[in-house]
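From first to last, the protein sequence lines stand for chains S and W. The numbering used here puts the last residue of the first sequence at 299; the count rises by one with no breaks. The numbering used here puts the last residue of the second sequence at 299; the count rises by one with no breaks. Just so it is clear, CB atoms sit at the ideal spot from N, CA and C, and this is done for glycine as well. Quick notes on the structure that follows.
There are 2 protein chains.
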Amino acid sequence: MTEKNIPDIVVSRLPVYLQTLQLLKKEGKTITSSQELGEKSGITAAQVRKDLSFFGEFGKQGSGYNIDFLTEKILAILKLDRVWDVALVGIGDLGHAIARYPGFAERGFNIRFIFDSDPKKIGIKVGNHEVQSMDNMVEVIRGAGIRVAMITVPSHAAQTVADLLIEAGVKAILNYAPVPLIVPDGVRVETVSPIIQMEHMTYYL
Amino acid sequence: MTEKNIPDIVVSRLPVYLQTLQLLKKEGKTITSSQELGEKSGITAAQVRKDLSFFGEFGKQGSGYNIDFLTEKILAILKLDRVWDVALVGIGDLGHAIARYPGFAERGFNIRFIFDSDPKKIGIKVGNHEVQSMDNMVEVIRGAGIRVAMITVPSHAAQTVADLLIEAGVKAILNYAPVPLIVPDGVRVETVSPIIQMEHMTYYL
DNA sequence: TTCTGTGAACCGCTTCACAGCG
DNA sequence: CGCTGTGAAGCGGTTCACAGAA
């Protein structure tokens, strides 16, 4: 484990830095500073330096951070220096949008299997995948050694699906259903909640 | 303004409570406790009580919180006791999924207009809306007094679209593009970042 | 001189613990 | 007796400020 008591909130900012580094690179820059990286990420310069210093000394005093070098380091820390096979469960409108969205593949998340419980959907082609029945999902996922999954099923089915995925050995779940999932220690869940984000903003209107 | 120095992190938990209250109601319960509400929301009981006490005394000592009463109170605090008209900009795969998703309407977010810049998409029907050109978006949004918008355009166009929305008077933006938007004070942005959430989880694998 | 890395001070959220009310 | 509401203590993340390397 690379994990040695680094605050979760620090880890959660690394993907943001990654995104901004990509942006800076696209602008043709090769070097940046904690100042610039922070401003474009919405984080203070001191915070950026402190965050990065948890993992090593990636900068050069007087000049700053080499963008390619820092990008590689963060990719390695987040274990993004490899391809992750992903299972997608639920192929409604949202599932289709995700299956077709190139963003995940660009970042190394390869949708390897698509599952659904609806017999009418079994066998249809989505992208270059055939939708499979959920009946043998556990075996298929376990057999392929998949550890990352996305859930895009209706709320009432989400917990059941999560339980199956965990049984199959999945350790990270991206949950699109608007319900909190209960999972054992050792399994991570992140819930995508546009409605909760909306409801948060209305307070300030 | 209802806002009187209440920590943003407290406000951000209210929608979570709302979701859990809805769940408890569906289970047939009429009363709950800070204990139960917390457990099902992934928050400690003390935290729940402290959060709610920022806004008033909603519970009864010895018994707990009336679910319907607390729900109403939180809805009022978050200004969700009304319908919000929303503009959706960008009608690709994701835009379609959002336009068809009933969840927003159920929570009082009424998609009133859909805009896109692609001439081929202007005029097509999505749900019961006709996709409009972005050419007169500012006037249309300002005319309708819309203050909430969702952006589902490609990354490179997101900031431009955001600037137009702000010019039109929009104060809350739900951003689905994987880039940080820079907005003036008084405007809120929430970014939906499944990729960032994914990348956060891989650290722990 | 510039900008990083970092101990120390600071600040704010979380947790505790209990008074008080039903 | 049960559970809320809340001051006070505790804790952890953020900001400061500066030594030190390029």
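Closer than 8 Å, CB to CB, is T165 (chain S) near chain W or not? Start at 1 with the first residue of the first sequence, and residue 165 (chain S) comes out as number 71. False, the Cβ-Cβ gap to chain W never drops below 8 Å.
One or two residues paired with A181 (chain S) in a DSSP bridge: On the first sequence, residue 181 (chain S) is found 87 positions in, with the first residue counted as 1. Note: A181 (chain S) sits in a beta bridge opposite S:F207, S:A243.
Ignore the nearest five residues each way along the sequence and tell me which others in I103 (chain S)'s own chain have a CB closer than 6 Å to its CB. Here residue 103 (chain S) is taken as the residue at index 9 of the first sequence, counted from 1. Hits under 6 Å: none found.
Which residues in chain S have a C-beta closer than 8 Å to the C-beta of Y195 (chain W)? List them in chain order. The residue labelled residue 195 (chain W) in the question sits at position 101 within the second sequence. Going along chain S in sequence order, the residues near Y195 (chain W) (Cβ under 8 Å) are D187, L188.
Who are the Cβ neighbours of N160 (chain S) in its own chain at under 7 Å, not counting the five residues just before and after it? Counted from its first residue, the first sequence places residue 160 (chain S) at position 66. Taken in chain order, the residues that qualify are T124, I125.
Which value, in whole angstroms, describes the spacing of the CA atoms of I137 (chain W) and N222 (chain W)? To locate residue 137 (chain W), count along the second sequence from 1; it is residue 43. To locate residue 222 (chain W), count along the second sequence from 1; it is residue 128. The straight-line gap from Cα to Cα measures roughly 40 Å.
Below 8 Å on the Cβ atoms is my guess for A139 (chain W) versus D179 (chain W); work out the distance and round it to an integer in Å. Position 45 of the second sequence, counted from the first residue, corresponds to residue 139 (chain W). Position 85 of the second sequence, counted from the first residue, corresponds to residue 179 (chain W). Their Cβ separation, rounded to whole angstroms, is 38 Å, which puts A139 (chain W) and D179 (chain W) out of contact at 8 Å.
Measuring only the C-alpha atoms, how far is L188 (chain W) from A193 (chain S)? Residue 188 (chain W) sits at position 94 when you count from the first residue of the second sequence. Residue 193 (chain S) sits at position 99 when you count from the first residue of the first sequence. If I take the Cα positions, the gap works out to 11 Å.
Do V281 (chain W) and Y270 (chain W) have their CB atoms nearer than 8 Å? Position 187 of the second sequence, counted from the start, is the residue given in the question as residue 281 (chain W). Position 176 of the second sequence, counted from the start, is the residue given in the question as residue 270 (chain W). Not in contact: V281 (chain W) and Y270 (chain W) (Cβ atoms no closer than 8 Å).
If we define contact as Cβ-Cβ less than 8 Å, is K173 (chain S) a contact residue for chain W? Walking along the first sequence from the start, residue 173 (chain S) turns up at place 79. Interface residue, yes.
Simplified DSSP assignment, three categories, for G132 (chain W): Within the second sequence, numbered from 1, the residue matching residue 132 (chain W) stands at position 38. Reduced to three states, the DSSP call for G132 (chain W) is helix.
Can T165 (chain W) and L131 (chain W) be called in contact, C-beta distance under 8 Å? Here residue 165 (chain W) corresponds to residue number 71 of the second sequence, with the count starting at 1. Here residue 131 (chain W) corresponds to residue number 37 of the second sequence, with the count starting at 1. Going by C-beta atoms, T165 (chain W) is not nearer than 8 Å to L131 (chain W).
Buried/exposed call for I245 (chain S), threshold 16 Cβ in 10 Å: Here residue 245 (chain S) is taken as the residue at index 151 of the first sequence, counted from 1. The residue in question, I245 (chain S), is buried, as its Cβ has 16 or more Cβ neighbours within 10 Å.
At least one CB of chain S closer than 8 Å to the CB of Q113 (chain W): is that the case? Position 19 of the second sequence, counting from 1, holds the residue named residue 113 (chain W). So yes, Q113 (chain W) belongs to the interface.
Determine the chain W residues that contact V110 (chain S) at a beta-carbon separation under 9 Å, and present them in chain order. For this step, residue 110 (chain S) is matched to residue 16 along the first sequence. In chain order: P274, S287, I290.
Listed from N- to C-terminal order along the chain, which residues in the region 129-162 of chain W have their beta-carbon within a distance smaller than 9 Å of any beta-carbon of chain S? K134, S135, G136
For F203 (chain S), return the contacting residues in chain W, with the cut-off set at a CB-CB distance below 7 Å. On the first sequence, residue 203 (chain S) is found 109 positions in, with the first residue counted as 1. Per Cβ cutoff of 7 Å: M292.
Closest Cα partner of P248 (chain W) within the set W:M231, W:V273, W:L258: The residue given as residue 248 (chain W) occupies position 154 in the second sequence. When each option's Cα is compared against that of P248 (chain W), the closest is W:V273.
Would you check if there are 3 or more beta carbon pairs closer than 8 Å linking the region 170-186 of chain S to the region 204-217 of chain S? yes
Which listed residue (S:K265, S:S128, S:F148, S:I168) has its alpha carbon closest to that of V242 (chain S): Within the first sequence, numbered from 1, the residue matching residue 242 (chain S) stands at position 148. Checked all of S:K265, S:S128, S:F148, S:I168; the closest Cα to V242 (chain S) is S:K265.
Euclidean distance between Cα positions of L296 (chain S) and R201 (chain S): As a first step, residue 296 (chain S) is located in the first sequence; it is residue number 202 there, counting from the start. As a first step, residue 201 (chain S) is located in the first sequence; it is residue number 107 there, counting from the start. Per the sequence shown, the amino acid found at residue 296 (chain S) is Thr instead of Leu. Approximately 32 Å between the Cα atoms of the pair.
Figure out for me which residue from S:I267, S:I290, S:Q226, S:I276 has the closest Cα to the Cα of L299 (chain W). The sequence position of residue 299 (chain W) within the second sequence is 205, counting from 1. It is S:I267.
First through last residue of the beta strand (DSSP E) which encompasses R282 (chain S): Counting from one through the first sequence, the residue named residue 282 (chain S) turns up at place 188. Per DSSP, R282 (chain S) belongs to the beta strand (DSSP E) from 282-285.
Cβ of E121 (chain W) within 8 Å of any chain S Cβ: Here residue 121 (chain W) corresponds to residue number 27 of the second sequence, with the count starting at 1. False, the Cβ-Cβ gap to chain S never drops below 8 Å.
Enumerated in chain order, which unbroken segments of the alpha helix (DSSP H) with a length of 4 residues or greater are wholly contained in the region 139-179 of chain W? 139-147, 161-171
Check each candidate in W:F148, W:K173, W:K120 and name the one with the smallest Cα separation from H294 (chain S). Within the first sequence, numbered from 1, the residue matching residue 294 (chain S) stands at position 200. Answer by Cα proximity: W:K173.
Chain S residues whose Cβ lies nearer than 7 Å to that of V105 (chain W): In the second sequence, residue 105 (chain W) corresponds to position 11, counting from 1. Ordered by position in chain S, the residues that pass the 7 Å Cβ test against V105 (chain W) are H294, Y297.
Sheet register partners of Q226 (chain W) (DSSP bridge): Translated into the one-based positions of the second sequence, residue 226 (chain W) becomes position 132. Beta-bridge pairing links Q226 (chain W) to W:F209.
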